[in-house]
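Reviewing the structure listed below.
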Amino acid sequence: MKLPATGTPRKQLSAQMRDLAGQDADWRGGRTWSLVYFAGDDVAEVLREAYATFIYGNGLGPAAFRSLKRFESEVIAMTADLLGLPEATGNMTSGGTESILMAVKTARDWARAERPNVTAPEMVLPITAHPAFDKAGHYLSVKPVHIPVGEDLRADIDAARAALTENTILIVGSAPCYPFGTIDPIPALAALAQERGIACHVDACVGGYLLPFMERLGYAVRPWDFRVPGVTSISADLHKYGFAARGASTVMYRDPEYRRHQFFAQTDWPGGLYGSPTMAGSRPGGAIAAAWAVLNYLGEEGYTRLARTIMETAKALRDGINAGSGLRVMGEPDMSVFAFTSDTLDIYAVADAMDARGWNMDRQQKPPSLHLMVTPVHAEIVETFLEDLSAAAGSVTAGAAPAGRAAMYGMLGTIPDRSVVRKVILDFVDRLTREEETARETASE
Ligand SMILES: *Cc1c(COP(=O)(O)O)cnc(C)c1O
172 MKLPATGTPR KQLSAQMRDL AGQDADWRGG RTWSLVYFAG DDVAEVLREA
222 YATFIYGNGL GPAAFRSLKR FESEVIAMTA DLLGLPEATG NMTSGGTESI
272 LMAVKTARDW ARAERPNVTA PEMVLPITAH PAFDKAGHYL SVKPVHIPVG
322 EDLRADIDAA RAALTENTIL IVGSAPCYPF GTIDPIPALA ALAQERGIAC
372 HVDACVGGYL LPFMERLGYA VRPWDFRVPG VTSISADLHK YGFAARGAST
422 VMYRDPEYRR HQFFAQTDWP GGLYGSPTMA GSRPGGAIAA AWAVLNYLGE
472 EGYTRLARTI METAKALRDG INAGSGLRVM GEPDMSVFAF TSDTLDIYAV
522 ADAMDARGWN MDRQQKPPSL HLMVTPVHAE IVETFLEDLS AAAGSVTAGA
572 APAGRAAMYG MLGTIPDRSV VRKVILDFVD RLTREEETAR ETASE
């Protein structure tokens, strides 16, 4: 494919875009369980206006874009307050992954400055922590040391203690973790970090803008935020339960001096003095403005109302799953994210049967399970989902040999040589942006 020699008429482009969007998963109808956090047409309209108004805005130039500077400072201040420490400092980033990269970089560079005897930095993290930490370790040469979770699917604190070495610079916990929705024992992890004089990061990418409102609703939320002594940084995604437009997250710090290790400066560039707080250079004004707009549009009342719907929906789904069909929710999830599995059925075969009924199930491994991330749109589909799930489970014969996608997932989960699986993943990633392949896949569907 080549760049078209002449421009394409607007009408034709619009039709093409509408057509392609129509082929995407039905996230609006609640048929997907991750990727999109939709809070209603009114919120969508607020985001659209803010994004469009600031579409040319660039967060790299705070002097030229005083609007964006103000939006970002206010988003950070409101977030600090929600996380239990109004004086906390922080920055907006493009997403959870960038927030986590920044938190690991800050811990690494703080250690370089304060603990020069550390030559090969390590971070201790539960196996349930998001792969963004492993990615950060890969990019920043900080070795991830994984620890197991206990029966309760929360970080095993004895294992955390045993994993600490002279080279450990950072301990990580999640609030909650993505796979099981459980909050790690943050006070114990943070105390361990404090004892050693090292950093403790809480990944609240998924919980940061929901747990505070659950607390306001009277839920007994396990301690996880800056009110826990020893927590040095927190990541929280605006584009998840903050309901902002995609491309917005925050990374927050207890200590402003510690945060300075996140920053970058080049003093001798002919293009001028250059300083930047995060990974990105140019930063999309739309994402910053939309995050500010939605926080103000919903306010505490709006977020609390949405949290109530989400939590009631999650409970109805969990109760329904546990009520029959040989399926069970894993552990005791603390929020609206959870996994379920079966002791008798091939859960991947159940997923295939659900997909055939128009759902988009997220498969997990070690052990095999399916994952639900509940958002307000799911309030409308609880009954349909549970009926379909019951029918899907009923259609799977216990002990039958797995077929199709289920067979592939089952196999990839159990291959002992993970380098083989790694190659399968990298081949997949490689194909993602190859035009011919995409065209062929579309053609064969
Ligand atoms: C989504 C998520 C991340 C990563 O966020 P991205 O915005 O996808 O980069 C990190 N941690 C947890 C717990 C998450 O759920």
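For the sequence shown, the numbering used here gives the first residue as 172, with consecutive numbering after it. Where a beta carbon is used, it is the ideal one built from N, C-alpha and C, also for glycine.
Cβ-based burial, residue i [other Cβ within 10 Å; buried from 16]
| i | result |
| --- | --- |
| residue 433 | buried |
| residue 309 | exposed |
| residue 408 | buried |
| residue 580 | buried |
| residue 596 | exposed |
| residue 600 | exposed |
| residue 615 | Only weak support is given to the placement of residue 615: the predicted model assigns it a pLDDT of 45, under 50, and the value that follows is read from those uncertain coordinates. With fewer than 16 other Cβ atoms within 10 Å, it is exposed. |
| residue 354 | buried |
| residue 535 | buried |
| residue 423 | buried |
| residue 498 | buried |
| residue 440 | exposed |
| residue 277 | buried |
| residue 279 | buried |
| residue 287 | exposed |
beta-carbon residue i near ligand 1 non-hydrogen atom, thresh 7 Å
| i | result |
| --- | --- |
| residue 305 | no |
| residue 275 | no |
| residue 343 | no |
| residue 268 | yes |
| residue 420 | yes |
| residue 405 | no |
| residue 376 | yes |
| residue 432 | no |
| residue 314 | no |
| residue 208 | no |
| residue 271 | yes |
| residue 317 | no |
| residue 408 | yes |
| residue 371 | no |
| residue 349 | yes |
| residue 301 | yes |
| residue 486 | no |
| residue 594 | no |
| residue 411 | yes |
Nearest neighbour of residue i, chosen from the options [CA to CA]
| i | options | result |
| --- | --- | --- |
| residue 453 | 172, 466, 381, 263 | 263 |
| residue 402 | 255, 544, 211, 225 | 255 |
| residue 540 | 532, 303, 547 | 532 |
| residue 397 | 258, 224, 597 | 258 |
| residue 661 | 365, 567, 415, 442 | The structure shown does not extend to residue 661, since the chain is modelled only from 172 to 616, so the question has no answer here. |
| residue 529 | 548, 559, 567, 467 | 559 |
| residue 205 | 383, 417, 521 | 417 |
| residue 352 | 231, 275, 567, 324 | 324 |
| residue 471 | 481, 380, 500 | 380 |
| residue 400 | 564, 369, 246 | 369 |
| residue 628 | 236, 215, 216 | Examination of residue 628 is not possible in this model, given that the chain is present from 172 through 616 alone. |
| residue 250 | 406, 564, 556, 229 | 406 |
| residue 335 | 362, 294, 356 | 294 |
| residue 553 | 203, 312, 311 | 203 |
| residue 281 | 348, 268, 430, 412 | 430 |
| residue 386 | 270, 513, 214, 479 | 479 |
**OP:** Take every Cβ of the stretch 451-468, pair it with every Cβ of the stretch 250-267, and state whether three or more of those distances are shorter than 8 Å.
**Re:** yes
Subject >> Residue ranges of each beta strand (DSSP E) within the stretch 387-431, 3 or longer >> reply: 404-407, 420-424
**OP:** Ignoring anything shorter than 3 residues or poking outside the stretch 315-352, list the beta strand (DSSP E) runs there in chain order.
**Re:** 339-345
Original post:
Taking the runs of the alpha helix (DSSP H) that are 4 residues or longer, which of them lie wholly in the stretch 238-320?
Top reply: 267-285, 302-311
Subject >> Contained alpha helix (DSSP H) runs [length at least 4] in the stretch 435-502, N- to C-terminal order >> reply: 456-493
Original post:
Does the count of Cβ pairs from the stretch 373-392 and the stretch 340-348 closer than 8 Å reach three?
Top reply: yes
Original post:
Pairing CB atoms from the stretch 221-231 with CB atoms from the stretch 461-481, are three or more of them under 8 Å?
Top reply: yes
Subject >> Sufficient close CB pairs (3 or more, under 8 Å) joining the stretch 196-204 to the stretch 544-553 >> reply: yes
Original post:
Does the stretch 481-499 come close enough to the stretch 293-301 that 3 or more CB-CB pairs lie under 8 Å?
Top reply: no
Subject >> alpha helix (DSSP H) segments (min. 4 residues) lying fully within the stretch 501-583 >> reply: 518-527, 553-566
Original post:
How do the stretch 182-196 and the stretch 521-528 stand: do at least 3 beta-carbon pairs fall below 8 Å, yes or no?
Top reply: no
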